[in-house]
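Asks: Once you know that position 369 of the first sequence is 772 in this note's numbering, the rest is easy, because the numbers rise by one and skip nothing.
All C-beta atoms, glycine included, are put in the ideal place defined by N, C-alpha and C.
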Amino acid sequence: MIQISFPDGATRSYEKGSSALDIAKSISEGLARKVLAAKINGEVWDLTRPIQQDATLQLLTWDDIDAKSTFWHSSAHLMAEAVEAAFPGAKFWVGPAIDKGFYYDIDLGDRKITEEDLASLEKNMQVLAKQNNSFVRIEKSKAEAVAYFEEKGDEYKLDLLQNLEDGTITFYQQGGFTDLCRGPHIPHTGFIKAIKLTSIAGAYWKGDEKNKQLTRIYGITFPNQKELDEYLAMLEEAKKRDHRKLGKELSIFTMDDDVGPGLPLWLPNGTIIIEELEKLAKETEEEAGYKRVVTPHIAKESMYLTSGHLPYYADSMFPPMSMDGETYYLKAMNCPHHHKIFDAEPKSYRDMPYRIAEYGTCYRYEQSGELFGLMRVRCLHMNDAHIYCTKEQFADEFRAVNDMYLKYFKIFGIDKYVMRLSLHDPEKLGQKYINEPELWQETETLVRNVLIESNIPFVEVKGEGAFYGPKIDVQIWSTIGREFTLATNQVDFAQGRRFKLSFTNQNNEPEVPLIIHRAPLGTHERFIGFLLEHYAGKFPVWLAPVQAKVLPISDKFVEYAKEVGQTLKKQGIRIQVDERNEKIGKKIREAELMKIPYMLVVGEKEMQENSVGLRLQGKGDAGMITVAAFGEKVRQEILERKSMD
RNA sequence: GCCGUUGUAGCUCAGUGGUAGAGCACUUCCUUGGUAAGGAAGAGGUCGUGAGUUCAAUUCUCAUCAACGGCUCCA
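This is the structure in structure tokens:
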């Protein structure tokens, strides 16, 4: 007998070799029908795999994230079975579960799969699923496994095998499909009731662009049709929040073929948001002891050789231009210019920390396939600043920058983000990272400690650092699930020396400053793209391009509406008057669609009482209010940069 | 940059080997209406661009540009 302990603390005895499914059945038949996989001693197992020793057991149903992964991984196998039937000889690389669904990378040889094929694959998957084929775990020795795939001529699986240790290799088989696979899997295909193959894409083998491109098919499955329908409906909802769609609807920005890809044109509405953000940044930075600077958009090649950017990033800078025998580049970053400002006048320890800030315009030649609305562009306006400080000042300065981030996030109500401590990869020292192993260690520890001391939750990621030092990136996800770095806070121990920057310390010796690069509001492009999605276009009053719109009931009240408009405009409120000869319902509808926070309906009653009929966007009629009281209320909300309830 | 898809009016989208259509938006007129679309008329497109096939191309072929879904990249 073996002892099985359950999550609630209970322990029960079972016969040696019992499976998790046997145990589930012993508890209840209903549970046994629902359960998809089991966690044995914290490791996810097939339900049918015999348990030979005492263990802790957790039965996993659809609600559990590990069960979903198992379910989707099994669905990938089911899809592979359908693909193999439709494209005999197809070779399979890997087919993992992902956040939402699964994919499989496939080498189809010369054949091509099209969107139309997806429908027939889906149908065949339905048929195969209904056969309730079991996922059978088969153990083989490595030699047997190698022989099997050599016979099959499958170089992909042979490659996978190479990296596996000698010993037992597991295969899984369902219906007519067998695959090298670590598992685990759900008991049988019958659980998969609702299937949607979502897209076809190219994907480089092993993610390396020098390798052959495989065909990747993405899909998602559910244990019932209802959940699939809900999922598809949710995707539709997400599309409505897409900043590209909202940006057009709300006249925030536009793109034009003649201007060029990735070069957004900011329309008047978008420009208002830009200016409000800059106002916020300038106030905040002024308060935090930054000085403002302005630098040119171009610089000579020599400066980027000094900075060390050129060898690392030449490919993603716009090609150089030649003038008077000199080579110039459009700037892709502001730091070298700022270093030159630091260097323009001699500095002593009394000048430190020296903080300079600029909304710098940068140009980056992002690969054409990478451009994405406002989130990934070729012309960007960065909320940039550089802090030059002594080693002793570093921790305080770095902490102050983090605090500034948190202050901003509070204003914008940003709570869904991940702070990522991005470190170097020791294997790439000298290639992707400056070859200073000890300095890396030292600064990474410094940054980590600041985060720990400030009680900021974070994750560490190797190989994501800048070439000159570690950094903290704030990661966000667009409504369609793409990941972006919204803001960044970086340490730089390299450029100070490269630019021969120094200050005179208290011992009258020259000392190289540490540099902090920071951009809490990221770039206008990405930040506004993010805000559009974050607020679903419903900007708080202080950011809203039009803060209130006066809607006269009929022509008779246009004069009064204009008066109200003038009064509020004088108070600094961004206001419009809808003078058109339209019914009030239509004026309201359009103001609602433009997501204008306050609609001021004016007619006979309001005119007599020097009032407006207040309507709140998305909430409806809020009753009468005097013009004076409304002006006071809105001025206060703007001043506080109040977020909408 | 790579794989795949798409490109028709300001927007959303139909459609055809014989030089194009709807709804909304726009203009004018009628209507003066109290909280999400009042009515009528009108104007608006060299069908992304270039070349080829054809008597004839928006439609077929090729190239190119751009957008979209991914991959790679992201100072």
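Using alpha carbons as the reference points, say which of V539, L481 and L564 lies closest to N527.
Replies: L481
Asks: Tell me the DSSP bridge mates of Y634?
Replies: Y634 is not bridged to any residue.
Asks: Could you tell me which of K437, L631 and W496 sits nearest to T601, measuring between CA atoms?
Replies: L631
Asks: My output table needs one value for Y791: the three-state DSSP class, helix, strand or coil.
Replies: Strand.
Asks: Within a Cβ cutoff of 8 Å, which residues of the same chain sit near W465, ignoring the five residues on either side of it in sequence?
Replies: K437, L439, K471, F474 and P626
Asks: Suppose you measure from the CA of I677 to the CA of W669; what does that come to, to the nearest Å?
Replies: 9 Å
Asks: Would you identify the three-state DSSP class for S719, choosing helix, strand or coil?
Replies: helix
Asks: Quick check on the DSSP output: the beta strand (DSSP E) that includes R415 runs from which residue to which?
Replies: T414 to Y417
Asks: Pull up the distance between the alpha-carbon of V696 and that of T657, whole angstroms please.
Replies: 29 Å
Asks: What span of residues does the beta strand (DSSP E) with E446 cover, start to end?
Replies: Unbroken beta strand (DSSP E) run through E446: E446 to W448.
Asks: Within 8 Å, do at least three Cβ pairs link the region 895 to 911 to the region 858 to 868?
Replies: Under the 8 Å Cβ criterion, the region 858 to 868 does not count as touching the region 895 to 911, having fewer than three qualifying pairs.
Asks: Would you check if there are 3 or more beta carbon pairs closer than 8 Å linking the region 977 to 994 to the region 947 to 963?
Replies: Because the criterion of three Cβ pairs below 8 Å is met, the region 977 to 994 and the region 947 to 963 touch.
Asks: Starting from K865 and walking both ways along the beta strand (DSSP E), at which residues does that stretch end?
Replies: V862 to K865
Asks: My output table needs one value for E856: the three-state DSSP class, helix, strand or coil.
Replies: helix
Asks: Does the beta-carbon distance from I918 to H740 come in below 8 Å?
Replies: no
Asks: Using the Cβ count rule (16 or more neighbours within 10 Å means buried), how would you classify N380?
Replies: Coverage of the chain is limited to positions 404 through 1048, which leaves residue 380 absent and any answer about it impossible.
Asks: Cα separation between Y732 and D718?
Replies: 12 Å
Asks: Among A735, L561 and Y715, whose alpha-carbon lies nearest the alpha-carbon of L832?
Replies: Taking only the C-alpha atoms, the option nearest L832 is Y715.
Asks: Go ahead and pull the three-state DSSP assignment for E679.
Replies: If DSSP states are grouped into helix, strand and coil, E679 belongs with the helices.
Asks: Could you tell me whether any non-hydrogen atom of the ligand SAM is closer than 7 Å to the CB of L849?
Replies: With respect to the ligand SAM, the structure offers nothing, as it holds no ligand at all.
Asks: Inspect the beta-carbon positions of T926 and H784 and report whether they are closer than 8 Å.
Replies: yes
Asks: Determine whether the beta carbon atoms of V1030 and S1014 lie at a separation below 8 Å.
Replies: yes
Asks: Between which residues of its own chain and T764 is the CB-CB distance below 6 Å, once the five residues before and five after are set aside?
Replies: Hits under 6 Å: H700 and H784.
Asks: Three-state secondary structure (DSSP) at Q529?
Replies: Note: Q529 maps to helix in three-state DSSP.
Asks: Tell me, please, whether the region 878 to 888 touches the region 836 to 848 by the rule of three or more beta-carbon pairs shorter than 8 Å.
Replies: no
Asks: What does DSSP give as the partner residue(s) for H784 in the beta ladder?
Replies: T764
Asks: Classify N566 as helix, strand or coil using the three-state DSSP reduction.
Replies: coil
Asks: Of the residues N786, E558, T624 and S857, which one's Cα is nearest the Cα of E686?
Replies: Among N786, E558, T624 and S857, the Cα nearest to that of E686 belongs to N786.
Asks: Between the Cα of V447 and those of N805, L462 and A798, spot the shortest distance and give me the residue it belongs to.
Replies: L462
Asks: Just to check my reading of the structure: L524 and A489 have Cβ atoms closer than 8 Å, yes? What is that Cβ distance to the nearest angstrom?
Replies: That belief holds up - the Cβ atoms of L524 and A489 are roughly 6 Å apart, short of 8 Å.
Asks: Using the beta-carbon count (16 or more within 10 Å), is M807 buried or exposed?
Replies: buried
Asks: Quick check on N672: does DSSP put it in helix, strand or coil?
Replies: helix
Asks: What are the residues that DSSP puts in a beta bridge with P955?
Replies: V1005
Asks: Please report the distance separating the alpha-carbon of Q1011 from that of F942.
Replies: Here the alpha carbons of F942 and Q1011 stand approximately 32 Å from one another.
Asks: For E679, count the other beta carbons within 10 Å of its own beta carbon; 16 or more makes it buried, fewer makes it exposed. Which is it?
Replies: buried
Asks: Quick one: give me the first and last residue of the beta strand (DSSP E) that K555 is part of.
Replies: Careful: K555 lies outside any beta strand (DSSP E), inside the alpha helix (DSSP H) at K545 to K555.
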